[in-house]
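Asks: Pasting in a structure now, in structure tokens, and then I'll have a few things to ask.
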Amino acid sequence: MTDIDELPPYRAVLVVDTKEFGGHSDRGQAALADAIPDVLALAFERAGLGHVWREALFPHDTGDGFGIGFATRHLPAVVMRFFDALQEALAERDARWPAGDRRVRLRMRASLNVGPVRDPGSAAVVGSTVITTHRLLDAPEVRDLLARSDPGQTFLAVAMSQRVFEDVLQTEYARLPSSLLVAKRVQVKEYSGMVHLYVPRPSGDLLTHGFGAEAEPTPVTLEAPRPAGTTNIITGGDFGTAIQVGHLHGNLRHEPDR
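Counting in this note's numbering, the sequence shown runs from -10 upward without gaps.
Structure follows, in structure tokens:
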């Protein structure tokens, strides 16, 4: 049996990228790129997972982000502790950013997946598990979370694959507040499937309308037009017959009481 016939070991894959990285100046991009690994390392340390960062498998710098692999046994702790720690680390970094230029903000999308990954050695990191993890970052539903939230409050939006949800959250090896976790079906290039969205600190429109599509317009109630009426005033006794008709088609025949 050759190596190609063997199923590669299952690995967890975490990838982050930076919102609107390409819209910054060269100087702004350099500042953001330098900050990304520092913020990730700090978040892993604060989550009690510094060893996961230091022992990361196939770490790869993507320019506007970063990706790593790690042993699947760490998945519950990453799900429960790392993302909250990353939100706080990003908020603190933002508060220390030079006040003269608020256009430069380090806000991240993160995706987490699990599946077979072949050790790339010195080659590029490839395989459907890794590619899917990167694809999730580009899903409109994931990008929408940062676009519809307060840039001074919400610094992180997370997409977890269905496999992570089933293996880690559904089995209750890890728990997250159900009100902050929303399942959505996404379509990104060749990938189509369910993801589970998590925002450690929702704000803005996410609080008003949730993680779904943009708020629907307020429904307008249209009042049916009233038919033209005929007003009759009857005086005299209280006997006889009164007939009031708006529109009449055909003949109307009335026979008096006998």
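Glycine residues also receive a C-beta, built at the ideal position from the N, C-alpha and C atoms.
Which residues does DSSP list as the beta-bridge partners of Lys178?
Replies: Counted from its first residue, the sequence shown places residue 178 at position 189. DSSP, once it has assigned bridges, lists no residue as partnering Lys178.
Asks: How do the segment 115 to 125 and the segment 21 to 28 stand: do at least 3 beta-carbon pairs fall below 8 Å, yes or no?
Replies: Pairwise C-beta distances place the segment 115 to 125 out of contact with the segment 21 to 28, as fewer than three of them are shorter than 8 Å.
Asks: Grouping DSSP H, G and I as helix and E and B as strand, with all else coil, what is Asp6?
Replies: Numbered from 1 along the sequence shown, position 17 holds the residue referred to as residue 6. Of the three classes helix, strand and coil, the one that applies to Asp6 here is strand, per DSSP.
Asks: For Gly56, I'd like the list of residues in its chain whose CB is within less than 6 Å of its CB, leaving aside the five on either flank, ordered along the chain.
Replies: Start at 1 with the first residue of the sequence shown, and residue 56 comes out as number 67. Same-chain partners within the cutoff: Val4 and His49.
Asks: Quick one, which of Asp139, Tyr187 and Pro191 has its alpha-carbon nearest Arg70's?
Replies: Here residue 70 corresponds to residue number 81 of the sequence shown, with the count starting at 1. Nearest option by C-alpha distance: Tyr187.
Asks: Along the beta strand (DSSP E) that carries Gly199, what are the first and last residues, could you check?
Replies: Position 210 of the sequence shown, counted from the start, is the residue given in the question as residue 199. Careful: Gly199 lies outside any beta strand (DSSP E) and carries neither H nor E.
Asks: Going by other Cβ atoms of all chains shown within 10 Å of its Cβ, with 16 needed for buried, is Asp6 buried or exposed?
Replies: Working through the sequence shown from its first residue, we reach residue 6 at position 17. When all chains shown are included, Asp6 counts as buried.
Asks: By Cβ distance, which residues of its chain are closer than 6 Å to Asp139, with the 5 residues on each side in sequence left out?
Replies: For this step, residue 139 is matched to residue 150 along the sequence shown. If the five residues before and after Asp139 are omitted, its C-beta is found closer than 6 Å to the C-beta atoms of Ser192 and Gly193, all from its own chain and listed in chain order.
Asks: Helix, strand or coil, according to DSSP, for Pro105 in the structure here?
Replies: Walking along the sequence shown from the start, residue 105 turns up at place 116. If DSSP states are grouped into helix, strand and coil, Pro105 belongs with the strands.
Asks: By a C-beta neighbour count over all protein chains shown, 10 Å radius and 16 as the cutoff for buried, is Ser100 buried or exposed?
Replies: Residue mapping note: residue 100 aligns to position 111 of the sequence shown, counting from 1. Its Cβ being crowded by 16 or more others within 10 Å, Ser100 is buried.
Asks: Is Phe59 near Ala1, with beta carbons less than 8 Å apart?
Replies: By 1-based counting over the sequence shown, the position of residue 59 is 70. By 1-based counting over the sequence shown, the position of residue 1 is 12. Result yes, Cβ atoms of Phe59 and Ala1 sit closer than 8 Å.
Asks: Pull up the distance between the alpha-carbon of Ala84 and that of Lys8, whole angstroms please.
Replies: Taking the sequence shown and counting its residues from 1, one reaches residue 84 at position 95. Taking the sequence shown and counting its residues from 1, one reaches residue 8 at position 19. In a straight line, the C-alpha of Ala84 is about 17 Å away from that of Lys8.
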